[in-house]
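In full-length UniProt numbering, the protein residues as written are 1 to 331.
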């Protein structure tokens, strides 16, 4: 992941937080300050990285789930990380850091790679009176808590598994259409290129995909979103949404199934995210930007592929003059 992509991910998390959404999930944690106890920080990082082994983890330092952006000193990383990483036994999650300004305050994004899991940490109380005989631990994050990994969880990490393919967001566009007197439909479609190995089929069912949409400038967030995946392309927009689909010859390695797509190698596929808005929900919106995100978990996999992006307002009309109220496109 490039530096600009790490910052973009972090900014989308902050925008969703500002919009009132719950942003901490299996991949993301927020910290208002640099954690002061290196061993506990190492244990928490190891637990997060072990539980999502093969994916990427993001810590945002200087952001609190209740208070919002609090800000920190980026220079503190130079002393904090060596103290934390010293508590690992063996492999340490590879770290990339990006510092940036939000609301005039400095925030630090820490991106952890998890491809060397399982990560083992030292038991802080080992060797001390009453500390017990356990010198090392494989932590596991479960919700908001961290505990010792179970046998089944260790097997899941250690057994050989095919790497999840990576995604490149190629294009996206969205439209807001009037459905009834006081109802609107917001639909976003995106085009992805999936970097998958030839010969290893991956099935992405619709029911194992989740998405969200947000107007960050208006602090409006929507997670009650219908998600669809398909290997056909949309040829044009209609007054009531997408009306035509034709065969996309580029996607011969991505095939359409019943409410799912089958990926046999590198190629293109598309998704849509759709939600309903009332007249009151749309009224007064600036909506110059529309953020979106999608999570897709393959069949028989505990890991998921994720993608996020932003589209920008290109058309805004008086809805009394027609069905189409607004359009957005990626730059």
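Beta carbons: idealized from backbone N, C-alpha and C, even for Gly.
- One Cα belongs to residue 309, the other to residue 132, and the distance between them is close to 49 Å.
- Secondary structure note for residue 42: it is in no beta strand (DSSP E), and the uninterrupted alpha helix (DSSP H) holding it is 38-51.
- In this structure, residue 227 and residue 294 form a Cβ contact; the two beta carbons are roughly 7 Å apart against a cut-off of 8 Å.
- Here residue 179 is exposed. Its C-beta has fewer than 16 other C-beta atoms within 10 Å.
- The shortest CA-to-CA distance from residue 80 to any of 43, 48, 118, 38 is the one to 38.
- For residue 279, the uninterrupted alpha helix (DSSP H) run begins and ends at 279-282, by DSSP.
- Looking at the backbone, the Cα of residue 36 and that of residue 65 are separated by about 18 Å.
- When DSSP states are grouped into helix, strand and coil, residue 139 belongs to the strand group.
- Contact between residue 57 and residue 114 holds, with the beta-carbon distance rounding to 6 Å and staying under 8 Å.
- Taking the Cβ atoms as the reference, residue 20 lies roughly 6 Å from residue 221, within the contact range of under 8 Å.
- Around the C-beta of residue 148, fewer than 16 other C-beta atoms lie within 10 Å, and the residue is accordingly described as exposed.
- Between residue 270 and residue 167, the alpha-carbon positions lie close to 11 Å from each other.
- Inter-residue distance for residue 297 and residue 288 is about 31 Å (C-alpha atoms, whole angstroms).
- A Cβ-Cβ distance of about 7 Å is found for the pair residue 188 and residue 290, placing them in contact under the 8 Å criterion.
- Only residues of its own chain outside the window of five on either side were considered, and among them 214, 216, 291 have a CB closer than 7 Å to the CB of residue 15, listed in chain order.
- By the CB criterion at 8 Å, residue 100 and residue 7 fall inside the cutoff.
- By the criterion of a C-beta distance shorter than 6 Å, residue 70 is surrounded in its chain by 32, 62, 64, once the five residues flanking it on both sides are discounted.
- CA-CA distance, residue 88 to residue 285, rounds to 48 Å.
- The three-state secondary structure of residue 69, taken from DSSP, is strand.
- Distance from the CA of residue 110 to the CA of residue 196, rounded to the nearest whole angstrom, comes to 27 Å.
- Per DSSP, reduced to three states, the secondary structure at residue 327 is strand.
- With a minimum length of 3 residues, the unbroken runs of beta strand (DSSP E) contained wholly in the stretch 98-127 fall at 105-113.
- Only residues of its own chain outside the window of five on either side were considered, and among them 259, 260, 299 have a CB closer than 7 Å to the CB of residue 205, listed in chain order.
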